[in-house]
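Enquirer:
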Amino acid sequence: MAFLMNAWYCAAWTEELETEDRFARKLLGKSVLIFKKQDGTYGAIGNACPHRFAPLNKGPREGDTFICPYHGLEFDTNGRCTRNPNEGGTIPRAARVPSYPLVERDSALWIWMGDPKKADLDLIPDFSMIRAREGWNVVRGHHVTKANYELVMDNLMDRTHVQFLHPLLKLMGEQPENFQRIQSVEQIGNMIWDYHGEVNCTKYPLLDALWPEAPDIVENYFDVRWEAPSNMLLNAGTVEVGTNREVGVHLPMSNLLTPADEFSTHYFWSQARDKNIGREEMDEMIKAGVAHTFQNEDGEMVADCMEMMGTNDLMRLNPVMLPGDAAAVRARRILSSMIAAEQAEAGLV
Ligand code: FES
Ligand SMILES: [Fe+2]
Numbered sequence: 303m304a305f306l307m308n309a310w311y312c313a314a315w316t317e318e319l320e321t322e323d324r325f326a327r328k329l330l331g332k333s334v335l336i337f338k339k340q341d342g343t344y345g346a347i348g349n350a351c352p353h354r355f356a357p358l359n360k361g362p363r364e365g366d367t368f369i370c371p372y373h374g375l376e377f378d379t380n381g382r383c384t385r386n387p388n389e390g391g392t393i394p395r396a397a398r399v400p401s402y403p404l405v406e407r408d409s410a411l412w413i414w415m416g417d418p419k420k421a422d423l424d425l426i427p428d429f430s431m432i433r434a435r436e437g438w439n440v441v442r443g444h445h446v447t448k449a450n451y452e453l454v455m456d457n458l459m460d461r462t463h464v465q466f467l468h469p470l471l472k473l474m475g476e477q478p479e480n481f482q483r484i485q486s487v488e489q490i491g492n493m494i495w496d497y498h499g500e501v502n503c504t505k506y507p508l509l510d511a512l513w514p515e516a517p518d519i520v521e522n523y524f525d526v527r528w529e530a531p532s533n534m535l536l537n538a539g540t541v542e543v544g545t546n547r548e549v550g551v552h553l554p555m556s557n558l559l560t561p562a563d564e565f566s567t568h569y570f571w572s573q574a575r576d577k578n579i580g581r582e583e584m585d586e587m588i589k590a591g592v593a594h595t596f597q598n599e600d601g602e603m604v605a606d607c608m609e610m611m612g613t614n615d616l617m618r619l620n621p622v623m624l625p626g627d628a629a630a631v632r633a634r635r636i637l638s639s640m641i642a643a644e645q646a647e648a649g650l651v
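If you read the sequence shown in our numbering, its first letter stands for residue 303, the second for the next number, and so on.
(1) Just verifying my parser: in three-state terms, what is the DSSP assignment at Val631?
(2) Do the segment 572-580 and the segment 543-560 meet, that is, are 3 or more Cβ pairs less than 8 Å apart?
(3) Quick one, what's near ligand 1 if you take every residue whose CB is closer than 5 Å to any heavy atom, in chain order?
(4) Anyone know if the C-beta pair for Val543 and Val592 falls short of 9 Å?
(5) Give me, in chain order, the residues of the same chain whose beta-carbon lies closer than 7 Å to that of Pro400; leave out the 5 immediate sequence neighbours on both sides.
(6) To which residues of the same chain is Gly365 closer than 7 Å at the C-beta, ignoring the five residues directly before and after it?
(7) According to DSSP, Phe337 sits in a beta bridge with which residue or residues?
(8) Measuring straight from C-alpha to C-alpha, what distance separates Val334 and Asp518?
(9) For the segment 371-411, which segments carrying the alpha helix (DSSP H) assignment without a break, of at least 4 residues, lie completely within its bounds, in sequence order?
(10) How far does the alpha helix (DSSP H) with Ala314 in it extend, from its first residue to its last?
(11) Could I get the ranges of all uninterrupted beta strand (DSSP E) runs contained in the segment 434-463, with 3 residues as the minimum, in chain order?
(12) Can Asp600 be considered in contact with ligand 2, in the sense that its beta carbon sits closer than 8 Å to one or more heavy atoms?
(13) For Val541 and Trp528, what's the separation of their Cα atoms in angstroms?
(14) Do you know whose CA, among Glu586, Thr447, Phe596 and His498, lies nearest Met608's CA?
(15) With a threshold of 8 Å (Cβ to nearest heavy atom), would Val464 be considered close to ligand 2?
(16) Verify the contact flag: Thr545, CB atom, against every heavy atom of ligand 2, threshold strictly below 8 Å.
(17) Relative to the alpha-carbon of Asp378, which residue among Thr367, Pro371 and Ala630 has its alpha-carbon at the smallest distance?
(18) Output the distance between the C-alpha atoms of Met474 and Tyr497, rounded to the nearest integer angstrom.
(19) Ligand 2 heavy atoms versus the CB of His468: any closer than 8 Å?
(20) Kindly confirm or deny that the segment 448-456 and the segment 624-633 touch, where touching means at least three C-beta pairs closer than 8 Å.
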């Protein structure tokens with residue numbers, strides 16, 4: 303299955319370049335060298351040397367020059383070969399690696415791996431809700447899930463599994479008689495909003511840590527905004543019933559999925575909160591809790607599903623559909639029609 307190429311994907315969190323000056327990451331099936339330049343801006347070039355495809359990240363770096371560890375060809379931050387130290391010193395015309403636009407926004411580095419002329423900054427999705435700011439603490443994480451990104455997308459847009467898969471997030475005990483579950487889907491252009499609410503419900507175990515003063519009966523909301531290719535905002539929180547979502551804890555979260563290849567997915571998440579802020583141990587607890595949930599519960603489940611499927615193409619297996627799948631199926635359809643249009647435009651189909 304082809305990837306949508308003319309789109310912004312999250313390549314890294316900026317904090318990953320605080321401890322290293324460069325690293326390689328597989329994105330959309332290609333090895334990419336991601337770095338911070340001498341002037342403080344960020345850049346990304348192909349990581350495979352065009353001579354014998356040695357990984358440039360394993361070679362030395364001198365200022366803004368990356369030196370191939372195998373035969374020493376030197377590349378600048380635009381991917382151009384600037385020096386051949388071998389006899390004769392001629393630089394072959396083909397000695398260059400691709401250069402990819404890479405832009406910092408909301409602590410994420412966004413990469414465009416399609417036609418660079420189409421890389422419009424206005425198309426970077428809006429995740430200002432999870433920006434670090436006064437009154438909010440934000441924690442971030444990254445891991446790789448061994449499953450196709452569309453399966454991870456399905457998982458995030460499906461609320462029904464929470465009660466079965468996530469012991470810390472499931473509602474406890476019997477629900478009151480006036481318990482109400484609300485769900486609806488709205489499509490705005492190619493964007494989907496999948497709205498979920500649980501009104502008059504019992505608490506979930508993790509809430510005691512997030513909002514110790516919460517009443518016994520609360521309202522949960524979790525509205526998922528999906529945008530192609532696979533960037534999701536999960537606008538979630540737990541509030542006092544009838545306060546129009548105002549009194550309580552608000553937990554907006556970004557879920558940015560970038561295919562490493564067809565079988566594995568980079569999962570970049572960040573979560574903001576407006577209670578218990580300024581406490582480092584709380585940050586660590588949330589970071590560990592979210593990482594555990596996504597890696598060990600959701601991550602393992604989708605990896606198991608992928609293995610059972612034996613293919614990365616769910617739809618080819620004619621899966622049974624349940625009502626909770628509506629938004630994810632719609633997202634898959636939008637994505638595949640965008641990919642088909644892109645392929646047709648490029649004359650590939
Ligand atoms: S593989 Fe890079 S210079 Fe030979
Ligand atoms: Fe989950």
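Even glycine gets a Cβ: it sits at the ideal position worked out from N, Cα and C. Values in this document were obtained by computation on a predicted structure and should not be read as measured data.
Expert: The answer reads as follows:
(1) One-based indexing of the sequence shown puts residue 631 at position 329. Three-state DSSP puts Val631 in a helix.
(2) With a cut-off of 8 Å, the segment 543-560 and the segment 572-580 count as touching, because enough Cβ pairs lie within range.
(3) For ligand 1, the selected residues are Cys351, His353, Arg354, Ala356, Cys370, Tyr372, His373 and Leu375.
(4) In the sequence shown, residue 543 corresponds to position 241, counting from 1. In the sequence shown, residue 592 corresponds to position 290, counting from 1. Not closer than 9 Å, so no.
(5) To locate residue 400, count along the sequence shown from 1; it is residue 98. By the criterion of a C-beta distance shorter than 7 Å, Pro400 is surrounded in its chain by Ile347, Gly348 and Gly381, once the five residues flanking it on both sides are discounted.
(6) The residue given as residue 365 occupies position 63 in the sequence shown. Excluding sequence positions up to five before and after Gly365, its CB lies within less than 7 Å of the CB of Gln340, all in the same chain and listed in chain order.
(7) As a position in the sequence shown, residue 337 is number 35, starting the count at 1. According to DSSP, Phe337 bridges with Arg324 and Gly345.
(8) Here residue 334 is taken as the residue at index 32 of the sequence shown, counted from 1. Here residue 518 is taken as the residue at index 216 of the sequence shown, counted from 1. Computed Cα separation, rounded: 49 Å.
(9) The segment 371-411 contains no whole alpha helix (DSSP H) run of 4 or more residues.
(10) On the sequence shown, position 12 is the one that residue 314 refers to. For Ala314, no alpha helix (DSSP H) run applies; the uninterrupted beta strand (DSSP E) run containing it begins and ends at Trp310 to Trp315, by DSSP.
(11) Taking 3 residues as the shortest admissible run, the segment 434-463 contains the following complete beta strand (DSSP E) segments, listed from N- to C-terminal end: 439-447.
(12) By 1-based counting over the sequence shown, the position of residue 600 is 298. Between ligand 2 and the CB of Asp600, the shortest heavy atom gap is smaller than 8 Å.
(13) Residue 541 sits at position 239 when you count from the first residue of the sequence shown. Residue 528 sits at position 226 when you count from the first residue of the sequence shown. When the Cα atoms are used, Val541 and Trp528 turn out to be separated by approximately 23 Å.
(14) Position 306 of the sequence shown, counting from 1, holds the residue named residue 608. Of Glu586, Thr447, Phe596 and His498, the residue nearest in Cα terms is Thr447.
(15) The count along the sequence shown starts at 1 and reaches residue 464 at position 162. Distance from the C-beta of Val464 to the nearest heavy atom of ligand 2 is below 8 Å.
(16) Walking along the sequence shown from the start, residue 545 turns up at place 243. Distances between the C-beta of Thr545 and the heavy atoms of ligand 2 are all 8 Å or more.
(17) Against the sequence shown, residue 378 aligns to sequence position 76. Comparing Cα positions, the closest option is Thr367.
(18) Taking the sequence shown and counting its residues from 1, the one referred to as residue 474 is at position 172. Taking the sequence shown and counting its residues from 1, the one referred to as residue 497 is at position 195. Their Cα atoms are separated by approximately 22 Å.
(19) Counted from its first residue, the sequence shown places residue 468 at position 166. Yes; taking the cut-off as 8 Å, the Cβ of His468 has a heavy atom of ligand 2 nearer than that.
(20) In short, these stretches touch, since the Cβ pair count reaches three.
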